[in-house]
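One structure below.
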Amino acid sequence: MVNGENGAMGQQKTRLRSRMSGIRGGIPQDRHRSMSAQACIHAAAWLMKEQIRSMLIYVPFRSELDTRPLVEEAWRAGIEVYVPRCFQENRSMTLHRLKRWDELQSGAYGIMEPDPLHSPAEPDAFVPGAVIMPGLAFDMHGGRLGYGGGYYDRLHERFSAKGGKWSKRPKWAGIGFGEQVVERVPMERTDARLQVLITEQGVHEMNGEAEDGTDAF
65 MVNGENGAMG QQKTRLRSRM SGIRGGIPQD RHRSMSAQAC IHAAAWLMKE
115 QIRSMLIYVP FRSELDTRPL VEEAWRAGIE VYVPRCFQEN RSMTLHRLKR
165 WDELQSGAYG IMEPDPLHSP AEPDAFVPGA VIMPGLAFDM HGGRLGYGGG
215 YYDRLHERFS AKGGKWSKRP KWAGIGFGEQ VVERVPMERT DARLQVLITE
265 QGVHEMNGEA EDGTDAF
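Per our numbering, residue 65 is the first one in the sequence shown, and the count goes up by one each step.
Shown next, in the form of structure tokens:
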């Protein structure tokens, strides 16, 4: 939800964030590493199957699933890799192509982000073939619980604006651990839904009829 989280729904999300943050943070390091690697294998196979030639993906932070094996496999396969740079003042993101790890520097929230001197922002009209997002919780109906900042909601709004300048829309995918999957993520009508969920257990596709990740309840 872009305009903030209030009321009973906001309280549900806050409680779930707290619980799932503890679950994800409690995964032992060796399991975290092995499950991350397996999820990245599934994600790479999905990218190839869907013939996706460019993706926006996060650089892992703290207990997030480690996406670095996927980034390196994408580089080997000739898939263009883009990562976001966040702006806290308006909770927006710019997209930057990443060709080497040394193009990153510490940015918003201490997350590693592209150095714009090495990798300038792409034009607003640029749309990657897939957006692969982190999250605290997911469900098998396309629900995703983020961190409450609304960065990806704003990006989704930008890409799916009716009558906008974009002739194509990306596949919206979440990636995380099987332990992060819950029965239902509290979702509002304005929240974007995933079309794909990737875990160490495999690739789960849903909401295939939605072109932009939005699905009616």
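Beta carbons: idealized from backbone N, C-alpha and C, even for Gly.
Looking at C-alpha atoms only, which residue of the options is the closest neighbour of residue i?
{"i": "HIS182", "options": "PHE190, VAL195, GLU128 and GLU167", "result": "GLU167"}
{"i": "ARG114", "options": "ALA237, SER100, ARG97 and HIS96", "result": "Rather than Arg, the amino acid found at residue 114 in this sequence is Glu. Ranking ALA237, SER100, ARG97 and HIS96 by Cα distance to GLU114 puts ALA237 first."}
{"i": "ASP152", "options": "ILE175, GLN93 and TRP139", "result": "It is Gln, not Asp, that sits at residue 152 in the sequence shown. Cα-wise, what sits closest to GLN152 is ILE175."}
{"i": "HIS220", "options": "ASP179, ILE116, LEU111 and VAL191", "result": "VAL191"}
{"i": "TRP139", "options": "SER127, ARG164 and VAL147", "result": "ARG164"}
{"i": "GLN102", "options": "ASP130, ARG126, ARG79 and SER118", "result": "ASP130"}
{"i": "ALA285", "options": "MET112, MET270, LEU261 and ARG149", "result": "Outside the modelled stretch of the chain, which goes from 65 to 281, sits residue 285, for which no answer is possible."}
{"i": "ARG126", "options": "ARG97, TRP110 and ILE105", "result": "ARG97"}
{"i": "HIS268", "options": "ASP203, TYR216, ASP179 and GLU137", "result": "ASP203"}
{"i": "GLU136", "options": "CYS104, ASN154 and GLU128", "result": "CYS104"}
{"i": "SER156", "options": "ALA72, ALA189, TYR215 and LYS77", "result": "TYR215"}
{"i": "ILE116", "options": "ALA108, ILE239 and MET73", "result": "ALA108"}
{"i": "PRO198", "options": "ALA225, LYS232, ASP188 and VAL245", "result": "VAL245"}
Is the separation between the beta-carbon of residue i and that of residue j shorter than 8 Å?
{"i": "LEU159", "j": "ALA194", "result": "no"}
{"i": "ILE143", "j": "GLU243", "result": "no"}
{"i": "PRO234", "j": "PHE223", "result": "yes"}
Is there a C-beta anywhere in chain B that falls below 8 Å from the one on residue i?
{"i": "GLY207", "result": "Checking the listed chains, one finds no chain B in this structure; it contains a single protein chain."}
Between residue i and residue j, how many whole angstroms is the CB-CB distance? I'm expecting something under 8 Å.
{"i": "MET119", "j": "ILE196", "result": "6 Å"}
{"i": "GLN265", "j": "GLY206", "result": "So it is not a contact: roughly 17 Å between Cβ atoms."}
{"i": "VAL145", "j": "VAL123", "result": "Not a contact, Cβ separation roughly 10 Å."}
Margin query: Which runs of the alpha helix (DSSP H) at least 4 residues long sit entirely within the region 185-236? Give them in chain order.
Written below: 215-223
Notebook entry, point to check: Counting only runs that start and end within the region 88-121, where is the beta strand (DSSP E) found for 3 or more residues in a row?
Noted result: 118-121
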